[in-house]
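Residue numbers (my numbering): 147 to 318.
Ideal Cβ positions, reconstructed from N, Cα and C, are used throughout, including at glycine.
No experiment lies behind these values; they were computed from the predicted model shown.
For reference, the structure is listed below as structure tokens.
Right, dumping it as structure tokens:
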């Protein structure tokens, strides 16, 4: 598919949620392509999207997806999960969404005033896809969840899907 109207900028973040430490990459609509480039601040606010990687995968394997979404006006955050505890991964994805929302309220952040908190989404591949379903079931503010070949999780994503308030697109 054709790229969108924006360039893709990206940056790395080190995050801590309780005793969990992990790195994440953030891709965003930018004025020019590249690392640490200026965000496009002329287009209004952007939706936030968190993406969870698959089992034994690296978040860097999905770079083309992040760049594509950023080019279409999404802020995408993708954690590198520290383990395979599905419930924790779901909470990591929600933490990432809230990290970007909080950055949108922080006057020292490049995202200040540029985050549309009413439009949030989740996705992921395999284990990350199943975890995105769990995350959506835990947060009624998630607008859409669109996992790629979602794996069944422990706790069960299938059993919790009826608790998801947003739109669900299962991509297989």
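Note that the C-beta distance between residue 153 and residue 178 is below 9 Å. A direct Cα-Cα distance of roughly 11 Å separates residue 168 from residue 235.
Membership of residue 184 in any beta strand (DSSP E) is not indicated, and neither H nor E is assigned to it by DSSP. The DSSP-derived three-state label of residue 150 is coil. Taking the Cα of residue 279 as reference, the smallest distance to any Cα among 252, 158, 262 and 302 is reached at 302.
Taking a contact as a CB-CB distance under 8 Å, the pair residue 282 and residue 268 counts as one, their CB atoms being some 6 Å apart. When the beta-carbon positions are compared, residue 312 and residue 296 stay at least 9 Å from each other. Look at residue 238 here: in three-state DSSP terms it is helix. Boundaries of the alpha helix (DSSP H) around residue 280: 273-284. For residue 250, the closest C-alpha among the options 237, 239, 264 and 238 is that of 264. Around the beta carbon of residue 317, a 10 Å sphere encloses fewer than 16 other beta carbons of the protein chains shown; the residue is thus reported as exposed. DSSP places residue 316 in no alpha helix (DSSP H); its state is neither H nor E. The beta-carbon separation of residue 256 and residue 223, rounded to 13 Å, does not stay under the 8 Å limit for a contact.
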